[in-house]
Every structure is written in C-alpha cells, then in structure tokens.
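Trainee: Line order of the protein sequences matches chains A and B. Taking numbering that gives the first Met the number 0, the leading residue of the first sequence gets 0, the next gets one more, and so forth. Taking numbering that gives the first Met the number 0, the leading residue of the second sequence gets 0, the next gets one more, and so forth. Virtual Cβ for every residue (Gly too), placed ideally from N, Cα, C. Sharing a structure, written as structure tokens. Questions coming.
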Amino acid sequence: MKRLQKLGAYLFLLLIGYVFLFPLLFMIMSSFKPEQVIFADLYSIRAILPVGDLTLDNYRQVFEKSDVLLYFRNSILITSAAVVLGLIVNSLLAFTLSRMRWSGRKYILAAVVALMIIPIEAIVVPLLLLVSKLPTIGWEQGGLVLMGSWLNSLEVQILPFVANSFFIFLFYQFFRDIPKDFDEAAELDGATPFQIYRHIIVPMSGPVFATVAILHFLLMWNQYIWPIMAVQGEDARPVMPGIQIFFGRQTSWGEIMAYASFVTLPVLAVFLAFQKKFVSSLAGAGIKG
Amino acid sequence: MNASTSVNSSDTLTVSSGRSAETRRPPRKRYVFLMSAPALLGLFMFMVLPFLMALGMSFTDQRLLSPNATEWVGLRNYDRLLNISWLVQEPVSDADNHLKQTADGELVYPRLRSVLRKNPEYKEFKEFTHWSFGDKRVVLLAKDPSFIQSIINTLLFVILVVPIQCGTALGLALLINQKLRGIFLFRTVFFSPVVTSIVVVSIVWSFLYHKDLGLFNHYLNAMSFGLIGPVDWLGDPDWAMPSIVLMSAWQAAGVQMLIFLAGLQGISGDLYEAAELDGAGPWGKFVNVTLPGLKNTTIFVVISTTIQAFGLFTQVDVMTRGGPQGSTSTVMYHAVTKGFREQDIAYGSAISVIFFLAILAIALLQKRFFDKREDA
Numbered sequence: 000m001k002r003l004q005k006l007g008a009y010l011f012l013l014l015i016g017y018v019f020l021f022p023l024l025f026m027i028m029s030s031f032k033p034e035q036v037i038f039a040d041l042y043s044i045r046a047i048l049p050v051g052d053l054t055l056d057n058y059r060q061v062f063e064k065s066d067v068l069l070y071f072r073n074s075i076l077i078t079s080a081a082v083v084l085g086l087i088v089n090s091l092l093a094f095t096l097s098r099m100r101w102s103g104r105k106y107i108l109a110a111v112v113a114l115m116i117i118p119i120e121a122i123v124v125p126l127l128l129l130v131s132k133l134p135t136i137g138w139e140q141g142g143l144v145l146m147g148s149w150l151n152s153l154e155v156q157i158l159p160f161v162a163n164s165f166f167i168f169l170f171y172q173f174f175r176d177i178p179k180d181f182d183e184a185a186e187l188d189g190a191t192p193f194q195i196y197r198h199i200i201v202p203m204s205g206p207v208f209a210t211v212a213i214l215h216f217l218l219m220w221n222q223y224i225w226p227i228m229a230v231q232g233e234d235a236r237p238v239m240p241g242i243q244i245f246f247g248r249q250t251s252w253g254e255i256m257a258y259a260s261f262v263t264l265p266v267l268a269v270f271l272a273f274q275k276k277f278v279s280s281l282a283g284a285g286i287k288g
Numbered sequence: 000m001n002a003s004t005s006v007n008s009s010d011t012l013t014v015s016s017g018r019s020a021e022t023r024r025p026p027r028k029r030y031v032f033l034m035s036a037p038a039l040l041g042l043f044m045f046m047v048l049p050f051l052m053a054l055g056m057s058f059t060d061q062r063l064l065s066p067n068a069t070e071w072v073g074l075r076n077y078d079r080l081l082n083i084s085w086l087v088q089e090p091v092s093d094a095d096n097h098l099k100q101t102a103d104g105e106l107v108y109p110r111l112r113s114v115l116r117k118n119p120e121y122k123e124f125k126e127f128t129h130w131s132f133g134d135k136r137v138v139l140l141a142k143d144p145s146f147i148q149s150i151i152n153t154l155l156f157v158i159l160v161v162p163i164q165c166g167t168a169l170g171l172a173l174l175i176n177q178k179l180r181g182i183f184l185f186r187t188v189f190f191s192p193v194v195t196s197i198v199v200v201s202i203v204w205s206f207l208y209h210k211d212l213g214l215f216n217h218y219l220n221a222m223s224f225g226l227i228g229p230v231d232w233l234g235d236p237d238w239a240m241p242s243i244v245l246m247s248a249w250q251a252a253g254v255q256m257l258i259f260l261a262g263l264q265g266i267s268g269d270l271y272e273a274a275e276l277d278g279a280g281p282w283g284k285f286v287n288v289t290l291p292g293l294k295n296t297t298i299f300v301v302i303s304t305t306i307q308a309f310g311l312f313t314q315v316d317v318m319t320r321g322g323p324q325g326s327t328s329t330v331m332y333h334a335v336t337k338g339f340r341e342q343d344i345a346y347g348s349a350i351s352v353i354f355f356l357a358i359l360a361i362a363l364l365q366k367r368f369f370d371k372r373e374d375a
C-alpha cells in the first residue's frame, strides 16, 4: 500500500512537472527543427525530444535577419554594470544603516522600506521625461561637450537600476545580524568604517551578496518596459525588446524559438549552475520582503 | 558628535577609546556621508524625483517633445480619466406614436453623437457602454472610455489571477513538501518558468494558444471528441484576458510556491501529531493545522501577488497589444500608450499617480490586516 501510494505521488509529480517543463523544452527542441518537423512532432512526446533531423538553420537565419549579437552584448554590458555597481552602493548604504549610528538613520531606513512597495511601472512614464532632459557628456571635436539626452544609450538602462531599496533591505537584514564584536575589535585597532566594511563585513557576507547578485541579474536581463520606452534605436537595444520586435514581423516559428532559446540561455545557465542557491535566495527574499 | 559616536557600535565601548580613535582619523560623519550617498542619490534621482515629477506634471499639459510652453491645467487630466456620466434615452417614435423599429425588430434611439454634441453638459463625453431597461436605454458615458475599460480589465485580471496563482502555488508547495527521494528536482522544474523572461514565455505561449496549430485547441478537440471547435484564445475578446491569466499564473506560481513551502516547514510537527491523536485524517489535518498555520504566509502572498498583478503590462504588450477590441488593455498599458506612444506625458503621469495610489491603498490594507492580527 505504502509503495503504491509512493508510485502514485511520483506519477502525479511527473504529470505536473510535464505541464511546467513543456513550454521551455518545446522552445529549445523546436529551435533545432525545421518548420515542418515542428508541426509534425507537435502533438506527440516528440515535441520535447531532440529527435529527427536536427539543424542549426534557424539560428543561422536569426543571426542573419536580426542584430541579435549586438543586443546580446548590450544586455550583458547593462546587466553586469548594474549588478556590480548595485552590489557596491547598496551594500555600502546598508552598512551605514545597520552598523553605524548617525542622526537621520531611522528616517532613511523607513524611507528605504517605504520605497520597496513602489513598482517600476509606477514611475516609468515620468522617469522617461526626466532622462530626456538629462544631458550626456560626450567627446566631440577634441573637447568635452554636453550632448542631447540620455535616451537611446546604455547608461539610461543602467543608472536608474543601480540603487534598489529591496536589495538595500536584504543587505541591511544580513549585516544587522552579524555580531558586533568584530567591528569593535577592529575599531580599537584604529580601523576606519570603510576598512571594517571592506575587511570584516564583506568577507562574512558571501550568501547575501550571492542572493542579491542573482536577483539583480534576473531583474536586469529580463528588462522590458523601460527599454521599449527609453531606447528607440538599435545601437543600445537589449535582448527582450529585440525578440519582441523579431516576433512582431516574423512568421517562422522555428526562428522565433531559436531567438527565444538564445536569449534564455544565460539565465538557464546561471539557474542550472546555482539551482540550490537560486531557489533558496528567492524564497528567502520573498519571505523577508 | 563625540558623545553620540563613542557608543556607536556597543554599549561596552569605553569613552576613552572612542575619543582616541576620533583624534586619529577623519570624523565618522564623513564616512557615513560618503558611504551612503551613492545609493541615496540613486534612489532620490530615479524613484523619488520621478514620482514627484509625476505628481506635478499631472496638473499640466506637458508633452514629451514639444515646442510649446507647458501650462497648468488644474485637474483636467484627472477629470478626463475618471469623469463618468450617464443619460437615459427614449426610443424614437414616428408621427403615429408608434415606436420605430429596424428591420431586425430593434428599437431605434436618437443618434448619441448628436445628443452629446447638443448638450454642453456632455462635452467631451463618449459612450462607454449601454444597457436596455424595457423601452429605455441607459448609456454610460466617460471622457476616456478606454481608461475605464482598462481599469475594469485590470481588476478582472487581478480577481482571476490572484486566487489561481496562489492556489496553484499552495498545491505545488504541498506536493514538494512530501518526503520523497529526488523531490528537489521537481522543485527546480516547478520553478523554471520563473527564471524564464515573461517576454519569452509570452511568445512561446502565443504559439500554444494559436487558433489552428496550437496545443490547447488540439487537446480541447481531442478531449471533447471534436465537439468543441477551435477557440481563438488570444483573438476572442471573451477569451483573451483569461488566456493571459492562465499563462501568468503558470509563469509566476513558483515564487509563491517557495514562500508557502517555507511557511509549511515552519509549522511544528507536534501539531500534526496532536491532530493525529485526536483522530484527524489527512483532510482534517490540512484544514485544522496546515491552513491556520499558513495564515500569515497567505496574507503576505496574496497582498504581494495583488500588487504585482496590478502592474500587468508585458504579457499584454507582447501577446495582444491591448486587443482584441480593448479587451486586454490595462492601466499600465494605457499609461504607456498615452504617456509614451502618444507622447502625452502629463496624461500618462496622471495615470501613474492613480496607479500609485491604488498600490498604496493595498499596502495600507495589508498593514491594517497585520495590525489586526497582532491585536487578536
């Protein structure tokens, strides 16, 4: 009886697992199949298996028809710059909030917590006007000049997303729980607050840095609503608006699936490499947030 | 400064060490300033300032790129967004006092456009919808009917997606909370849609929803033995929003699943043993132990899912562009359409402010919920 129950549980899990995995597997497998094979395989288990004449034609077509490599490079630059800068500035603020006493600290902390409920959607429209008025400093004819606006650039996709109240709060919570003895000893030895941050707190905070890096990476790689507004030209376009435009004018499903697989690759790679960390960090973030 | 900083990191820190440290290096204030400034500047520039700008601009006629000077227009944007009215129309009768009818036997009413134009009270109003009561027809008017439609669509999405997504998440959490070998693998599988971009998910599901080729219609046809014909999931105004709901719940349930799982693991095993001693079966344990134990988790999950659902934009933008017939336009979709695509930043800002107030209302509701719980 017990064994039968267990078998039933596994069968049910497999069925539900199929429902959750099908679209992703279908996308990847179809990207290697010619159009007719995709449709021929569609209604059987073959849809999610790498069987039949597999080809890279879809990928070849995508690279030919769309500047996907440029978008990919842009996304990598935007994501890595925002994540690296974010880790530094967010943890620095969290350090002063959690381990230093200063007047106004409580108000700043309350403001950071309050900002956590504002979704990006609520500010994109006014943010668009703001960045359209901000000048960029450029190099022209041998001198520094103020040029146009921030629109259509990489920095317009990076700088607004560096400081993040939610990540500050995650750092704050982690730092707050580190025993104070370490800082005190260092302080007696004459360490400055920055030295304490750099040589004591940061080395002890690997898990929270990993959590925030993963969450920030996901947030940045999947950016959509902001770049479709702030970036019109191709030069600074990231991958998600790129695939949306490709989807809008393409009828070959094989090519669309190739594009989709290609831009999902980095996320899947990070996800599979750090599954445990990934899942636990998102769970922890959800509970604490 | 000295007195307050010398006790900074501990109550046991002696005053003398604090003072001697103070003399050897620059004051702590400078460190606090330098270390907190970058993030604070970022939050102010890109969160607080845009919001204040939205508030201010919503009372003007600011456009994204315009040579004309910006002017204050008071509450005009809000009036355009939210003002609704109604009128009652009598059917048209002919000279003999008989009601006029069309060839199909339907009653004829005065042309709404000319009625609205004649009456200054209805200036700028357009028809949103109408109902018939006997002979009479009640026409609901709005200055921006598509915004009212967007509010209704957004509420419909929230009302549908929150229970489906949270229910799915709870079910999945219960499944993976079993002690089975390899269960971690299933956790990863259930979670995989979350890491996939919603843009990519929307594109793949557009294929699954395809009227002629899609899997949904294939299975529907097979399971009903051909009785149920193909449904144009994303092309039918009645089905487009429910289709987006199903996909969205499927994509995001993994996050809430993990939160529920943590909640489940926080319930003490003793409670289950006690319930078992009282003769409770699996269902009894679920209702009397699991559900009460998950109360706080559930409140948190429901509120955060609700806030997220209000911002619905990407799925709509990729799959339906607000159509068919405006049936999937949402508050955020309308804000981007007006504020960005039609360059009416002031109007888009007014929508953003209304959106923000809605989010704030939910957050305050959440706080009241939690406060009440603490009183109890």
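Ordered along the chain, which non-local residues of its own chain (more than five positions away) have a Cβ less than 8 Å from that of ALA259/A?
Mentor: Within the first sequence, the letter at position 260 stands for residue 259/A. Within the same chain, ALA259/A has close Cβ partners MET26, SER30, ILE242.
Trainee: Please work out which residues of its chain come closer than 7 Å, Cβ to Cβ, to LEU111/B, disregarding the five sequence neighbours upstream and downstream, and give them in chain order.
Mentor: As a working mapping, residue 111/B is identified with position 112 in the second sequence. Counting only Cβ-Cβ distances below 7 Å, and skipping sequence neighbours, we find GLU126, VAL138.
Trainee: Name the DSSP bridge partner or partners of PHE132/B?
Mentor: Here residue 132/B refers to the residue found at position 133 of the second sequence. Paired residues: LYS135/B.
Trainee: Between SER251/A, TYR223/A, LEU267/A, which lies nearest to TYR332/B when the distance is taken from Cα to Cα?
Mentor: The sequence position of residue 332/B within the second sequence is 333, counting from 1. Comparing Cα-Cα distances from TYR332/B to each of SER251/A, TYR223/A, LEU267/A, the minimum goes to TYR223/A.
Trainee: Could you give the first and the last residue of the continuous beta strand (DSSP E) run that contains GLN88/B?
Mentor: Position 89 of the second sequence, counting from 1, holds the residue named residue 88/B. It spans 83–88 - the beta strand (DSSP E) in which GLN88/B sits, taken as one unbroken run.
Trainee: For PRO202/A and chain B, any beta-carbon pair shorter than 9 Å?
Mentor: Looking up residue 202/A in the first sequence gives position 203. No, PRO202/A lies away from the interface with chain B (no Cβ there is under 9 Å from its Cβ).
Trainee: Enumerate in chain order the residues of its own chain whose CB-to-CB distance from VAL36/A is below 7 Å, with the five nearest sequence positions on each side excluded.
Mentor: As a first step, residue 36/A is located in the first sequence; it is residue number 37 there, counting from the start. Closer than 7 Å at the Cβ level, and outside the excluded window around VAL36/A, lie GLY51, ASP52.
Trainee: Tell me which same chain residues have a C-beta within less than 6 Å of the C-beta of THR22/B, skipping the five on either side of it?
Mentor: Start at 1 with the first residue of the second sequence, and residue 22/B comes out as number 23. Because THR22/B sits at a pLDDT of 49, beneath the cut-off of 50, its placement in the model cannot be relied upon, and the following sentence gives the value as read from the coordinates. Here the set comprises nothing.
Trainee: Given 8 Å as the limit, is there contact between the stretch 57–70 of chain A and the stretch 247–267 of chain A, that is, 3 or more CB pairs closer than that?
Mentor: Enough Cβ pairs lie closer than 8 Å, so yes.
Trainee: Measure from the C-beta of ARG27/B to each C-beta in chain A and report whether the shortest distance is under 9 Å.
Mentor: Counting from one through the second sequence, the residue named residue 27/B turns up at place 28. By this cut-off, ARG27/B is an interface position.
Trainee: What three-state label does DSSP hand PRO134/A in the structure shown?
Mentor: Numbered from 1 along the first sequence, position 135 holds the residue referred to as residue 134/A. PRO134/A: strand per DSSP, three-state reduction.
Trainee: I'd like to check one pair, MET46/B with ALA190/A: are the Cβ atoms closer than 9 Å?
Mentor: Taking the first residue of the first sequence as 1, we reach residue 190/A at position 191. Taking the first residue of the second sequence as 1, we reach residue 46/B at position 47. Their beta carbons are not under 9 Å apart, which means ALA190/A does not touch MET46/B by this criterion.
Trainee: Taking Cβ positions, are TRP149/A and PRO125/A nearer each other than 9 Å?
Mentor: On the first sequence, residue 149/A is found 150 positions in, with the first residue counted as 1. On the first sequence, residue 125/A is found 126 positions in, with the first residue counted as 1. Against a cut-off of 9 Å, the Cβ pair of PRO125/A and TRP149/A comes out as no contact.
Trainee: Under three-state DSSP, which class holds THR319/B?
Mentor: Translated into the one-based positions of the second sequence, residue 319/B becomes position 320. Note: THR319/B maps to coil in three-state DSSP.
Trainee: For GLU341/B, which three-state DSSP category applies?
Mentor: Here the question's residue 341/B lines up with position 342 in the second sequence. Coil.
Trainee: Should ALA109/A be labelled buried (16 or more other beta-carbon atoms within 10 Å of its own) or exposed?
Mentor: Mapped onto the first sequence, residue 109/A falls at position 110. ALA109/A comes out exposed.
Trainee: Using beta carbons (cut-off 9 Å, strictly below), is SER196/B in contact with chain A?
Mentor: Counting from one through the second sequence, the residue named residue 196/B turns up at place 197. Output row for SER196/B: interface = yes.
Trainee: For SER171/A, I'd like the list of residues in its chain whose CB is within less than 8 Å of its CB, leaving aside the five on either flank, ordered along the chain.
Mentor: By one-based count along the first sequence, residue 171/A stands at place 172. Residue 171/A is actually Tyr in this sequence, not Ser. If we look at TYR171/A and ignore the five residues flanking it on each side, its Cβ neighbours are ALA93, LEU96, SER97, LEU108, VAL111.
Trainee: I'd like to confirm the pairing. Which residues does DSSP put opposite ALA268/A in its beta bridges?
Mentor: For this step, residue 268/A is matched to residue 269 along the first sequence. DSSP output for ALA268/A lists no bridge partner at all.
Trainee: Distance cutoff 9 Å, beta carbons only. Does SER267/B sit that close to anything in chain A?
Mentor: Against the second sequence, residue 267/B aligns to sequence position 268. Judged by the 9 Å Cβ criterion, SER267/B is not in contact with chain A.
Trainee: Which residues mark the beginning and the end of the alpha helix (DSSP H) in which ALA53/B is found?
Mentor: Locating residue 53/B in the second sequence gives position 54, counting from the first residue. Start and end: 48–56.
Trainee: Pick from ILE151/B, GLN88/B, ALA94/B: whose alpha carbon is nearest that of ARG130/B?
Mentor: Your numbering for residue 130/B matches position 131 in the second sequence. Per the sequence shown, the amino acid found at residue 130/B is Trp instead of Arg. TRP130/B has its Cα closest to that of GLN88/B, out of ILE151/B, GLN88/B, ALA94/B.
Trainee: Who pairs with LEU388/B in a beta bridge, going by DSSP?
Mentor: Because chain B here runs from 0 to 375, residue 388/B falls outside it and cannot be looked at.
Trainee: How should THR167/B be labelled, buried or exposed, when 16 other C-beta atoms within 10 angstroms of its C-beta is the threshold for buried?
Mentor: Residue numbering aside, residue 167/B sits at position 168 when the second sequence is read from its first letter. Per the 10 Å Cβ criterion, buried.
Trainee: Output, in chain order, the set of chain B residues within a Cβ distance shorter than 7 Å of VAL20/A.
Mentor: Sequence index remark: in the first sequence, residue 20/A carries index 21 (1-based). Reading off the sequence, residue 20/A comes out as Leu, not Val. In chain order: VAL188, SER191.
Trainee: Going by other Cβ atoms of all chains shown within 10 Å of its Cβ, with 16 needed for buried, is TRP282/B buried or exposed?
Mentor: As a working mapping, residue 282/B is identified with position 283 in the second sequence. That one is exposed.
Trainee: Taking the alpha-carbon positions, what's the THR297/B to ASN287/B distance?
Mentor: Counted from its first residue, the second sequence places residue 297/B at position 298. Counted from its first residue, the second sequence places residue 287/B at position 288. One C-alpha to the other measures close to 15 Å.
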